[in-house]
Amino acid sequence: MSATRPIPPRPEADTELERVQSGVQAWLIDRFTEQGVFSDNLPRARMASLIRQEVVTYVQNRRIPVNELEVALMVDALTKELVGYGPIEDLLADPAVEDILINGPRGVFVSRQGVLERTAIRFRDNGHLLNFLRRLLAPLGRRLDESSPMVDARLPDGGRLNAVIPPLAVDGVSVSIRKFHRQFYQGERMLALGTLSPIVLSLLAHAVRGRCNVLVIGGTSSGKTSLLNVLSNYIPPAERIVTIEDTAELDLQHPHVVRLESRPGGYDGAGLVTQRDLIRNSLRMRPDRILVGEVRGAEVLEMLQAMSTGHDGSMGTLHASSPRDAVYRLEMLAGFGGFAGSDLSLRRQIASAIDLIVEVGRLADGRRRVLGVTEVTGMHDDVIAMQDVFRFVERDGAESWRAGGARSLNPKLADWREEP
1 MSATRPIPPR PEADTELERV QSGVQAWLID RFTEQGVFSD NLPRARMASL IRQEVVTYVQ
61 NRRIPVNELE VALMVDALTK ELVGYGPIED LLADPAVEDI LINGPRGVFV SRQGVLERTA
121 IRFRDNGHLL NFLRRLLAPL GRRLDESSPM VDARLPDGGR LNAVIPPLAV DGVSVSIRKF
181 HRQFYQGERM LALGTLSPIV LSLLAHAVRG RCNVLVIGGT SSGKTSLLNV LSNYIPPAER
241 IVTIEDTAEL DLQHPHVVRL ESRPGGYDGA GLVTQRDLIR NSLRMRPDRI LVGEVRGAEV
301 LEMLQAMSTG HDGSMGTLHA SSPRDAVYRL EMLAGFGGFA GSDLSLRRQI ASAIDLIVEV
361 GRLADGRRRV LGVTEVTGMH DDVIAMQDVF RFVERDGAES WRAGGARSLN PKLADWREEP
């Protein structure tokens with residue numbers, strides 16, 4: 001029977017209890033490997049029972065003075081090490097934790113509601129952390145070593161893991177885990193959190209139903225993907241959606257979705273499939289709408305063309321600090337992608353393709369907010385013209401979304417203010 005669980009590494013330790021635990025773990029690995037326990041894929045409860053038996057036998061035979069609480073602590077830690085997610089298992093299980101950031105073995109941070117805090121959790125050393133990562137990546141078919149010192153992977157539960165090791169990470173192994181939170185992807189939930197107001201949500205829902213092309217912008221961990229998930233709820237169920245992502249994070253609650261994910265190439269680049277390749281292929285899949293999880297490269301050209309040529313209602317996200325910055329970034333990415341036309345023709349294509357730019361961000365206390373909704377109105381003096389529809393305002397502790405005042409020039413939005 002082939003092994004289904006990677007065998008954990010032999011540990012090192014620095015405290016007395018950790019030294020005992022390290023000895024037990026090394027002994028357990030030998031025992032379980034010899035007995036084929038790792039090959040049997042036993043249920044976790046059964047593994048925990050076996051581990052407890054072996055721990056008790058180990059400390060009794062060696063007359064190691066440990067009490068029942070210490071035995072229980074060792075059994076719990078060893079179960080996590082051998083069949084779970086090691087020191088960060090409880091963080092992965094905690095629904096309040098959004099991100100887990102690891103800066104070497106002694107620096108484990110978490111984000112809760114956008115606020116970072118340091119935890120008391122630690123790994124023994126870089127070797128312990130690195131071996132844990134390799135064990136986590138093995139079932140995903142990904143590797144992390146000197147020849148591949150950087151990895152970005154999707155976890156089985158939909159979360160995202162990024163890891164960098166020396167020599168690229170100068171101070172030791174660095175890990176970022178973005179957890180997956182399905183329950184967040186409802187407009188009502190965003191309203192309850194204050195992420196946006198009912199009138200802003202009403203506009204965005206109307207824009208999606210009216211097949212506006214929408215670009216969601218913001219910084220890292222600002223809530224772009226979450227908002228894109230929410231907006232997808234307003235796509236009519238009869239339409240066919242194709243999603244394009246580097247690492248699949250979108251979780252659309254829609255009856256007709258085809259999810260495509262790019263693939264990194266091998267050492268010689270063989271097997272590489274980019275987002276640009278996927279968008280080109282998706283056009284042959286009869287999509288009504290195309291959703292790009294994050295526009296970050298040459299695929300911007302295909303996305304703009306799709307938005308302008310029969311795939312109205314497509315959406316995507318982009319790292320940008322403002323609507324104007326988003327336009328500049330689209331121009332820059334198109335240039336990197338080999339756009340051969342003039343700057344003016346590119347701007348006209350952007351102005352023709354994008355209807356709304358929705359800016360999201362995090363406030364100083366970590367709360368996420370829709371900071372603005374901006375309409376792209378066309379061209380004016382060779383510059384892409386825009387007007388704010390809503391802008392977030394915080395004054396004296398009070399929050400509001402101030403209307404821009406000008407009536408929309410987009411026929412897709414013309415009747416929105418007449419809605420009850």
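By the count of UniProt numbering, the sequence shown reaches residue 420 at its end, each step adding exactly one.
Backbone N, C-alpha and C fix where the C-beta goes; we use that ideal spot for every residue, glycine too.
Within 10 angstroms of its Cβ, does residue i collect 16 or more other Cβ (buried), or is it exposed?
i	result
residue 30	exposed
residue 163	buried
residue 204	buried
residue 380	exposed
residue 25	buried
residue 415	exposed
residue 332	exposed
residue 361	buried
residue 3	Model confidence at residue 3 stands at a pLDDT of 41, short of 50, so the residue's coordinates are unreliable and nothing is read from them.
residue 372	buried
residue 187	buried
residue 16	exposed
residue 443	With the chain represented from 1 up to 420, any question about residue 443 goes unanswered, as that position is not in the structure.
residue 359	buried
residue 400	exposed
residue 86	buried
residue 421	For residue 421 there is no data in the structure shown, the boundaries of the chain being 1 and 420.
residue 69	exposed
residue 355	buried
residue 342	exposed
residue 409	exposed
residue 136	buried
Here's a check: name, in chain order, each residue in its chain whose Cβ is nearer than 7 Å to the Cβ of residue i, leaving out the five neighbours to either side.
i	result
residue 94	none
residue 248	154, 259 and 261
residue 198	191
residue 289	235, 239, 241, 311, 313 and 314
residue 265	271 and 272
Between residue i and the rest of its own chain, which residues show a CB-CB distance below 8 Å, the 5 nearest in sequence each way excluded?
i	result
residue 382	344 and 347
residue 263	271, 272 and 273
residue 420	Residue confidence is low: residue 420 scores 39 on pLDDT, short of 50, so the model does not pin down where it sits. No coordinate-derived value is stated.
residue 300	330, 333, 334 and 337
residue 168	149 and 150
residue 291	228, 232, 241, 242, 243, 244, 250, 252, 314, 315 and 316
residue 219	319, 321, 361 and 362
Are the CB atoms of residue i and residue j nearer to each other than 7 Å?
i	j	result
residue 285	residue 242	yes
residue 389	residue 375	yes
residue 96	residue 118	no
residue 293	residue 245	yes
residue 153	residue 161	yes
residue 105	residue 122	yes
residue 114	residue 335	no
residue 179	residue 98	yes
residue 47	residue 83	yes
residue 170	residue 102	no
residue 215	residue 133	no
residue 233	residue 251	no
residue 403	residue 387	no
residue 52	residue 195	no
residue 54	residue 28	yes
residue 370	residue 200	yes
residue 66	residue 56	no
Taking residue i and residue j to be in contact with their CB atoms under 8 Å, please state how far apart those CB atoms are, rounded to whole angstroms.
i	j	result
residue 438	residue 80	The structure shown has nothing for residue 438, since the chain only spans 1 to 420.
residue 322	residue 353	Not really, about 19 Å apart at Cβ, beyond 8 Å.
residue 306	residue 283	6 Å
residue 350	residue 304	6 Å
residue 78	residue 21	7 Å
residue 377	residue 385	5 Å
residue 217	residue 320	4 Å
By Cβ distance, which residues of its chain are closer than 6 Å to residue i, with the 5 residues on each side in sequence left out?
i	result
residue 172	104 and 126
residue 42	none
residue 63	none
residue 287	240 and 242
residue 129	105, 123 and 173
residue 44	83
residue 158	180
residue 107	none
residue 89	80
- Task: Report yes or no: do the segment 273 to 287 and the segment 321 to 335 share at least 3 C-beta pairs separated by less than 8 Å?
- Result: With contact defined as three or more Cβ pairs closer than 8 Å, the segment 273 to 287 and the segment 321 to 335 are not in contact.
- Task: Take every Cβ of the segment 207 to 224, pair it with every Cβ of the segment 310 to 317, and state whether three or more of those distances are shorter than 8 Å.
- Result: Touching, yes, given that three or more Cβ pairs across the two stretches are closer than 8 Å.
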